[in-house]
Amino acid sequence: MVDTRRGQVIALGAGSAVFVASTALAWDKNIPSAEESLFEFVNGWPDWLAIPLWPVMQFGMVVAPFIAGGLAWYRTRKRQPALGLVTTGFTMWVLAKVVKEIVNRPRPGQLLEEVLYRVDGGPDGLGFVSGHAVVGFAIATIASPYVGKRWAAVLWGLATGAATLRVYVGAHLPLDSIGGAGLGIAAGAVTLLIIRRR
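Taking this note's numbering, I'd label the letters of the sequence shown as residues 32 to 229.
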């Protein structure tokens with residue numbers, strides 16, 4: 032999908048559209064009924080999944096871009112993708128916090144009556160967008176052209192898993208993760224376009 036310039040332009044447009052649409056739907060503490068139903072479904076998964084799936088959720092942590100950048104350098108010996116992963120991933124983590132302040136959408140526990148909390152979940156703070164989703168999808172987008180189709184599928188699966196698990200543990204509503212995914216894909220596509228140009 033993002034191996035060519037055309038694919039990167041499409042990813043930039045699609046990711047941006049998803050982010051803007053999600054922001055509009057989540058604005059002013061709004062929770063569409065479909066989003067609430069999806070949250071109840073995912074948040075209602077069995078408790079025993081929390082511990083074995085916890086490592087997947089770390090794919091979107093703030094340290095993930097640095098690990099990904101180190102692995103990219105080790106695998107390719109190319110400076111640009113490694114730097115792209117580190118700089119874009121960390122920048123997106125910071126930008127996600129800025130977006131949270133602008134949109135000002137609380138976490139699920141402040142908006143819904145029944146929320147199940149697991150490890151790393153809680154009612155405090157702001158929800159939109161999910162930093163884990165932004166970082167995870169930025170990493171997957173940037174790294175995919177360099178790792179082959181099989182490993183690219185793994186990366187996209189990890190990004191999707193991390194974003195979904197943030198809903199499962201009660202830390203985010205679905206639009207928080209969907210909007211984060213869109214922002215991460217758009218940022219990753221911009222990075223690849225810059226790398227390609229150079």
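Glycine included, every Cβ here is placed at the ideal spot set by N, Cα and C.
Because the structure is a prediction, the values reported are computed rather than measured.
Can you give the Cα-Cα distance for P63 and L114, rounded to whole angstroms? Locating residue 63 in the sequence shown gives position 32, counting from the first residue. Locating residue 114 in the sequence shown gives position 83, counting from the first residue. Those two C-alpha atoms are separated by around 39 Å.
Out of T35, H163, R149 and T172, point me to the one whose CA is closest to L126's CA. As a working note, residue 126 is residue 95 in the sequence shown. It is H163 whose Cα lies nearest to the Cα of L126.
Distance CB(A194)-CB(A212) smaller than 7 Å: Within the sequence shown, residue 194 is the residue found at index 163, counting from 1. Within the sequence shown, residue 212 is the residue found at index 181, counting from 1. Taking 7 Å as the Cβ cut-off, A194 and A212 qualify as a contacting pair.
Can you grab the Cα-Cα spacing for the pair K128 / N74, in whole Å? Locating residue 128 in the sequence shown gives position 97, where the first residue counts as 1. Locating residue 74 in the sequence shown gives position 43, where the first residue counts as 1. Looking at the backbone, the Cα of K128 and that of N74 are separated by about 23 Å.
What runs of the alpha helix (DSSP H), each 4 residues or longer, lie entirely inside the segment 92 to 170? 95 to 107, 110 to 134 and 139 to 142
Kindly indicate which three-state DSSP category G75 falls into: helix, strand or coil? Within the sequence shown, the letter at position 44 stands for residue 75. Three-state DSSP puts G75 in coil, outside helix and strand.
Using the Cα positions of A103 and G44, report the straight-line distance between them to the nearest angstrom. As a working mapping, residue 103 is identified with position 72 in the sequence shown. As a working mapping, residue 44 is identified with position 13 in the sequence shown. Taking the straight line joining both Cα atoms gives about 26 Å.
For A45, three-class secondary structure by DSSP: Numbered from 1 along the sequence shown, position 14 holds the residue referred to as residue 45. A45: helix per DSSP, three-state reduction.
How about A190 and F168: do their beta carbons lie closer than 7 Å? Locating residue 190 in the sequence shown gives position 159, counting from the first residue. Locating residue 168 in the sequence shown gives position 137, counting from the first residue. Remark: C-beta atoms of A190 and F168 approach each other more closely than 7 Å.
Answer with buried or exposed for S68, where buried requires no fewer than 16 other C-beta atoms within 10 angstroms of its C-beta. For the purposes of this step, residue 68 is taken as the residue at position 37 of the sequence shown. Result: exposed.
For F90 and D59, what's the separation of their Cα atoms in angstroms? Counted from its first residue, the sequence shown places residue 90 at position 59. Counted from its first residue, the sequence shown places residue 59 at position 28. Looking at the two C-alpha atoms, the distance is approximately 29 Å.
Hey, would you say A95 sits closer than 7 Å to V166, going by beta carbons? Counted from its first residue, the sequence shown places residue 95 at position 64. Counted from its first residue, the sequence shown places residue 166 at position 135. It is a contact, given that the beta carbons lie within the stated cut-off.
In three-state terms, what does DSSP make of I209? Against the sequence shown, residue 209 aligns to sequence position 178. It is helical.
When you compare only the Cα positions, how much space is there between V117 and F97? The residue given as residue 117 occupies position 86 in the sequence shown. The residue given as residue 97 occupies position 66 in the sequence shown. Cα to Cα, the separation comes out at about 5 Å.
State buried or exposed for D207, treating a residue as buried only when at least 16 other CB atoms are found within 10 Å of its CB. By 1-based counting over the sequence shown, the position of residue 207 is 176. Flag for D207 reads buried.
Quick check on G100: buried or exposed, where buried means 16 or more other Cβ atoms within 10 Å of its Cβ? The residue labelled residue 100 in the question sits at position 69 within the sequence shown. Looking at its Cβ environment, which holds 16 or more other Cβ atoms inside 10 Å, G100 is buried.
Closest to R149 by C-alpha separation, out of V198, R110 and Y177, would be which residue? Counted from its first residue, the sequence shown places residue 149 at position 118. Measuring from the Cα of R149, the nearest candidate turns out to be V198.
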